[in-house]
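Per our numbering, the sequence shown starts with residue 442, numbered consecutively. Since the structure comes first, as structure tokens, the remarks are kept for the end.
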Amino acid sequence: MGIVGAGTMGQGIAHVAALHGFEVKLYDVTLAAAQAGKAKIQQNLEVGVSKAKVTAADRDACLARIACTERLEVFSGCELVIEAIPEKLALKQDLFTRLSGLCAPDAILASNTSSLSLTEIAAAATHPTRVVGLHFFNPVHLMKLLEIVRAFQTSDETVEAVKVFGAAIKKELIVVKDSPGFASSRLGVALGLEATRMLEEGVASAADIDRAMKLGYGHPLGPLELGDLVGLDVRLAIAEYLYAETGSPTFRPPQLLKKMVRAGKLGKKSGEGFYTY
Numbered sequence: 442m443g444i445v446g447a448g449t450m451g452q453g454i455a456h457v458a459a460l461h462g463f464e465v466k467l468y469d470v471t472l473a474a475a476q477a478g479k480a481k482i483q484q485n486l487e488v489g490v491s492k493a494k495v496t497a498a499d500r501d502a503c504l505a506r507i508a509c510t511e512r513l514e515v516f517s518g519c520e521l522v523i524e525a526i527p528e529k530l531a532l533k534q535d536l537f538t539r540l541s542g543l544c545a546p547d548a549i550l551a552s553n554t555s556s557l558s559l560t561e562i563a564a565a566a567t568h569p570t571r572v573v574g575l576h577f578f579n580p581v582h583l584m585k586l587l588e589i590v591r592a593f594q595t596s597d598e599t600v601e602a603v604k605v606f607g608a609a610i611k612k613e614l615i616v617v618k619d620s621p622g623f624a625s626s627r628l629g630v631a632l633g634l635e636a637t638r639m640l641e642e643g644v645a646s647a648a649d650i651d652r653a654m655k656l657g658y659g660h661p662l663g664p665l666e667l668g669d670l671v672g673l674d675v676r677l678a679i680a681e682y683l684y685a686e687t688g689s690p691t692f693r694p695p696q697l698l699k700k701m702v703r704a705g706k707l708g709k710k711s712g713e714g715f716y717t718y
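Take a look at the structure:
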């Protein structure tokens, strides 16, 4: 299988797939970027070994199954290619057009998009019936869910094939139709935006809003903590897309979120968001 993009999500997918026996080709625009992704996988595996959740032998076997590359042409023999590139529709459509010319007609092309239209992405492919959404969650090696998103064009055979893949990598599966935000992002973003509005209105502190969801509802992370982890720029982009697609005031981005992104306060990756890191 191939993975396009060695950032947070791409490296996480590569980690899980290789750990469960898949030979993975991990692509990024430069070989150094792909290798940096693999280095992060090794760090996460070392943590697993230190906690006795992964054996040293499994760590070594996992890393041996991951080949880094800066050439898309290596995907010509792959049965499954998953993209995990930035959330920009034009970028994804261009990639799926290019992959259609490189991969076999029966290869499955999957997108890890968390909100964009799979139907529009599939329309850019030569064989749109073989296009599907595989929405993983961060951190991929710890989160149980895999959301399978069915584009308007996706065939039954493609859905069944990725179900087999999902089971092989030990994920719990849900299947949803292509709609703005699918199931997971639509619910998660709604909660995150409402939490931001509450903070903006002075209802409670960020810490107490998060504690309400963690202690009252059993969430592992509060909605504001999760926003910092995902990236507030990413959350804003998804909110803007959902608001444009649905027209629902639920997804209208709060002014506080816009101001934080403009100020470069993007969450963990910038060192400051709702919290300081």
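C-beta: ideal position from N, C-alpha, C; glycine also.
Quick one: any contact between the stretch 539–552 and the stretch 488–498, if contact means 3 or more CB pairs under 8 Å?
no
Under 8 Å, with one C-beta from each stretch per pair, do the stretch 676–683 and the stretch 616–636 reach the 3-pair mark?
yes
Comparing alpha-carbon positions, which option in His568, Arg506, Gly714 lies nearest Gln483?
Arg506
CB of Val488 within 7 Å of CB of His582, strictly:
no
With Leu467 and Gly478 assumed to form a contact (beta carbons below 8 Å), what rounded beta-carbon distance in angstroms separates them?
6 Å
Based on DSSP bridge pairs, tell me the residues matched to Ile589.
Leu575, Val616
Decide if Asp501 is buried, meaning its Cβ has at least 16 other Cβ atoms within 10 Å, or exposed.
exposed
Going by C-alpha distance, which of Asp469, Met442, Leu472, Lys481 is nearest Gly453?
Lys481
Check whether Ala609 and Val617 have beta carbons under 7 Å apart:
no
Can you list the alpha helix (DSSP H) stretches of 4 or more residues lying completely in the stretch 655–702, in chain order?
664–671, 673–687
Three-state class that DSSP yields for Lys611 in the structure shown
coil
Bridge partners for Lys466 per DSSP, in chain order?
Gly443, Ala508
Three-state secondary structure (DSSP) of Thr570:
helix
In this structure, how does DSSP classify Glu723 when only helix, strand and coil are distinguished?
The question about residue 723 has no answer here: the residues shown for the chain are numbered 442 through 718.
Which partner residues does Val515 have in the DSSP bridge list?
Val515 pairs with nothing; no bridge assigned.
Hey, quick one: how far does the alpha helix (DSSP H) through Ala551 stretch, first residue to last?
Not the alpha helix (DSSP H): Ala551 falls in the beta strand (DSSP E), residues 549–552.
Could you give the distance in angstroms between the alpha-carbon of Ala636 and the alpha-carbon of Ala498?
44 Å
In terms of residue numbering, what span does the beta strand (DSSP E) encompassing Glu524 cover?
521–524
Have a look at Arg638, Leu559, Asp669 and flag the residue whose alpha-carbon is nearest the alpha-carbon of Gly714.
Asp669
Label Gly672 either buried or exposed according to how many other C-beta atoms from any shown protein chain fall within 10 Å of its C-beta, with 16 as the threshold for buried.
buried
Tell me whether Val605 is buried or exposed, calling it buried when 16 or more other Cβ atoms sit within 10 Å of its Cβ.
exposed
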